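Just so it is clear: in the sequence shown, position 911 is 976 by the working numbering, and no numbers are missing.
Okay, structure first, notes after.
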Amino acid sequence: MLLTRKSPEAGFGSPVSSLVSSLSRGVSRAIPTMDRRAFLRRSGLGVGAGLAAGQLTLMRKAQAADEVKGADAGAGQVSVRRTVCGHCSVGCAVDAVVENGVWVRQEPVFDSPINLGAHCAKGAALREHGRGEYRLKYPMKLVGGKYERITWDQALDEISAKMLELKKASGPDSVFIVGSSKHNNEQSYLMRKWVSLWGSNNCDHQARICHSTTVAGVANTWGYGAMTNSYNDMQNSKAAMYIGSNAAEAHPVSLLHMLHAKENGCKMIVVDPRFTRTAAKADAYVRIRSGSDIPFLFGVLHQIFKNGWEDKQYINDRVYGMDKVREDVMAKWTPDKVEEACGVDEATIYMVAETLAKNRPSTIVWCMGQTQHSIGNAMVRASCILQLALGNIGVSGGGANIFRGHDNVQGATDVGPNPDSLPGYYGLAEGSWKHYATVWGLDYEWIKAQYAPGMMTKPGMTVSRWIDGVLEDNELIDQDSNLRGLFFWGHAPNSQSRGLEMKKAMDKLDLLVVVDPYPSATAAMAAMPGKPEELNPNRAVYLLPACSQFETSGSVTASNRSLQWREKVIEPLWESRTDHMIMYQLAEKLNFGKELVKSMKLVAGKGGMMEPEPESMLREINRSNWTIGYTGQSPERLKAHMRNMHVFDVKTLRAKGGIDKETGYKLDGDYFGLPWPCYGTPEIKHPGSPNLYMTTRTMMEGGGNFRANFGVERDGVNLLAEDGSHSKDSEITTGYPEFDHVLMKKLGWWDDLTEAEKKGAEGKNWKTDLSGGIQRVVMAHNCHPWGNAKARALVWNFPDPVPQHREPLYSTRPDLVAKYPTHDDKKAFWRLPTLFKTIQDKNKDIGKDFPLIMTSGRLVEYEGGGEETRSNPYLAELQQEMFVEINPRAANDRGIRNGDDVWVKSPTGARLKVKAMVTERVNHETVFLPFHFSGHWQGVDLAPYYPAGAMPVVRGEAVNTATTYGYDSVTMMQETKTSLCQIEKYAA
């Protein structure tokens, strides 16, 4: 028999797809004795088949749900919920099929302009979130070395009481909050607000240790620290260089767009210390020594200047300080010096330069291979400078395509718990606080009173250094107390360096709280025995089960700055609660609950308990975040985009017509997800900005120019764009500063404001005018609120205004340490003393004992710290053991064969027991370890120390147990790509 519809009224209104027919025929042959209804109930194929047919014929979701019902009328109530993958930053859309409240099936959204109906392994396994077999199921407390189940009331009461006790004894800065790049935008924003009302800036999240150097370096170059173009726009590139990015494994679906570009002739170059799966797709692979990105990039730039390939007109009109860069590069980075520092010969450097220069527009992609260094800020600026020299910024097919790591690390960076800024990069100055006091409807003096004296405008510590906040000598810390309390709120500790010291710091805390769907490695690390003399006998450890992002709704920002709205797929599993509910309930106990939600709508959540409504939280973001254009992406506009993905062009992301049937909203001209900046109020209907700084488009077409964020001149040199350099149809045809009430009046535009807008805009600028009038009027004149300036090749406020190569703190090359030494130590840097030269000088000959460069990275099967993905049985089956990649030459010298157990030993004294993978992916001087593993500790399985029923399927050594000290000189990024090690064959 064939699995076909019995009657029209029981099924679709259109013919079944060939895909479904094929599946049906195959199944009928395989299971001839099972009737259709029984098979569909047992396999879920009816659900998937119905959905596949619905998508392939471009039918609406509601119809798809009806079709599923028709496929199996007796199966109960079926709905289709559109969501977004919760792993990397590509933003793949997923349709989740829910039957009687149970997530039974998923399909990639074929209409999505981002993932085009594709999934990677992680995305394909999302449905496991609907089971939660290995999740943290209820609140727990560590008692006598074991986790015991407690009630929510007990947990909230005891945690809040302990926090208030610490606040009274040591001040609000004694507690550090590590937020999450897995929180949606609304939760990220609420987290920063929550910490602010607690009275501290001691908060941070994952971006610190993945792309903080990008954010700082890129923002200080041309205005905003984000990806300039999009994954889709790479289809327009004629050449692409991936440096420190293994997109094939870290961002698999993004590679679809590059493969389409290659079909059109794009030349793809991969630069990496390791031959990756991305390199396997490249036209050319260039191996460099880890940490030598600047010699390589400036070697390429040397050839560009030498051969006259730079875009001279572009540099004259739109770039400041390139003359100083040219002088430095031509003097220092001759071919012989480049090869000495990075190992790449002149011919190869020339090939790369020629490819990028003669195949414009060309783009650069980078990830953590470039950012996680003690000079990461300088490395990313070198990439920016190369693109500016070629005139590749602000053009389609060009750009700096910075691939972020987590599904909402971009959004969490934009509006979340950053220690040096309020949401929207407003900073911590008094004016910024007054702006938010107005938005929140709170008295500025009341907020100020929650802080310790003088601490409100001082940046907090960073997540990369909370360990030292606990362990450092109190006299050397730039706050009253050491850290005594710590929240890991959706963050993996094994993603941070210096694991041995982290265990010591955990044991010294008074309070440790883990809020997560999974207990993370924190639970096992806290419970495993340490040194008895280092354990605080009064320490309290709690685990609180939070929902996954599929058990709530909200917006998420992909790497290309597009926002997407997730529908709630299922109700919270077990006893888990949403993160925003937990924040609100804790705030109530901590005496600022009313203030936290004063300007938000409360709705009934799990069990009828109240929580802030996600839509209401997004509207507060819309009202406040004028700096980066998070004002135009209303919940209604985002939801309309999600319902009508089929109208958006795959290359440009722009809607071609289209009217949302549910609301009547006209989509024509919008860019998918309204990528920020999306200026003005939602009613103005700015379409979003898919490619930043693009002067060939008008303001209302998403065009732009470089931001005037650094003044109008420097030492008598103009910092604004030159005459004739401006966005299309701008009424001002030269460079101009950012707009404020004074400039509006000088231009005669003040009277374009309404009387209400004048009242709100008086004394304000485009970022703080809550009426939106300044932005509205400036846009009407086709100008940009942020001004029109030059990008800075010379960043005078950074340690090295022109990027300089400096050897890693732990280097195998003492000869190069002598030539390219690191920075001097800093006494007070993000509230902590930070060592540079002291560490490097002490270890200048460390390569004799630890001769291998230890670098780390991603696998396609896992993500982040890995606790979530290693708890997924389908993914766990694909990659079951932690390993180290070692070159055959290095392996042979050590008597190691493929598959042997080995010890990886580091200068910290740590040792990791892992499997040896003997491969030529790495050279004889380098080894590679994935960073997704935890659950083993120096050869010991930590299984006994996890909460019962909440242990990942696969466990292994965490590479960061062994990584060394080292931090970026601007952002405190950890230096994880150039640790050193020695490898020995395992002996018990």
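Don't be surprised by glycine CBs; every beta carbon is placed ideally from N, CA and C.
Here the structure is a predicted model, which means the values were calculated and not measured.
DSSP places Gly852 outside both helix and strand once states are collapsed to three, so it counts as coil. In this structure, the straight-line span from the alpha carbon of Asp644 to that of Ser936 is close to 20 Å. The beta carbons of Arg530 and Leu897 sit about 5 Å from each other, so the pair counts as a contact at 8 Å.
The beta carbon of Leu718 sits closer than 7 Å to those of Pro178, Ser295, Asn297, Tyr736, Phe737 and Pro755, all from its chain and outside the five residues before and after it, given in chain order.
Unbroken beta strand (DSSP E) stretches of 3 residues or longer found wholly inside the stretch 834-893: none.
In terms of Cα proximity to Asn466, the closest of Asn381, Ala623 and Arg604 is Ala623. Counting other Cβ atoms within 10 Å of its Cβ, Thr216 stays below 16 and is therefore classed as exposed. In the DSSP annotation of this structure, the continuous segment of the beta strand (DSSP E) that includes Ala304 starts and ends at Ala304 to Ile308.
Counting the other Cβ atoms within 10 Å of the Cβ of Val882 gives 16 or more, which makes it buried. Residue burial is scored here from C-beta neighbours: Thr1036 has at least 16 other C-beta atoms within 10 angstroms and is therefore classed as buried.
Considering only Ser641, Phe340 and Asp834, the residue with the shortest C-alpha distance to His194 is Ser641. Each of Gln368, Met526, Cys432 and Tyr509 was checked against the Cα of Leu451, and the nearest Cα belongs to Gln368. Counting C-beta atoms within 10 angstroms of its own C-beta, Lys810 has fewer than 16 neighbours from the protein chains shown and is therefore classed as exposed. Assignment of Pro995 by DSSP, reduced to helix, strand and coil, places it in the strand class. Of the other Cβ atoms in all chains shown, fewer than 16 fall within 10 Å of the Cβ of Val807; this residue is therefore exposed. Under a 10 Å Cβ-count criterion, Glu766 is classified as buried, with 16 or more other Cβ atoms of the shown protein chains found around its own Cβ. For Gly459, the closest of Thr399, Gly288, Ile308 and Lys569 by C-alpha to C-alpha distance is Gly288.
Distance from the CA of Met648 to the CA of Ile414, rounded to the nearest whole angstrom, comes to 52 Å. In this chain, Asp714 is not harboured by any beta strand (DSSP E), its DSSP state being neither H nor E.
Fewer than three beta-carbon pairs drawn from the stretch 650-668 and the stretch 177-192 are found closer than 8 Å, and the two stretches are therefore not classed as touching.
Note that the C-beta distance between Val155 and His276 is not below 8 Å.
For Arg708, the enclosing alpha helix (DSSP H) starts and ends at Pro700 to Arg708.
Secondary structure of Asp780 (DSSP, three-state): coil.
Within a 10 Å sphere around the beta-carbon of Leu229 sit fewer than 16 other beta-carbons, which makes this residue exposed.
Taking Thr148 as reference, the option from Asp889, Thr696, Glu616 and Trp814 with the minimal CA-CA separation is Glu616. For Gly619, the enclosing beta strand (DSSP E) has its first and last residue at Gly619 to Thr622. Only exposed fits Thr728, as fewer than 16 other CB atoms lie within 10 angstroms of its CB. Non-local beta-carbon contacts of Thr1026 in its own chain, meaning distances under 8 Å to residues more than five positions away in sequence, involve Asn559, Gly564, Leu565, Ala975, Leu977, Trp1002 and Gln1003 in chain order.
Taking a 10 Å sphere around the C-beta of Pro1017, we find 16 or more other C-beta atoms and assign the residue as buried. As DSSP reads the structure, Ala611 sits in a beta bridge with Arg642. Cβ-Cβ distances below 7 Å link Arg959 to Ile1048, Glu1049 and Lys1050 in the same chain, with the five nearest sequence neighbours on each side left out; the list follows chain order. Contact annotation: Cys157 and His184 have beta-carbon atoms nearer than 8 Å. Here the alpha carbons of Thr341 and Leu994 stand approximately 13 Å from one another. Under the criterion of beta carbons closer than 8 Å, Ser302 and Cys331 qualify as touching, at roughly 5 Å. Contact annotation, Ala773 with Pro802: C-beta distance approximately 5 Å; criterion of less than 8 Å satisfied.
With respect to Asn952, Glu926 sits apart: the two C-beta atoms are not nearer than 8 Å.
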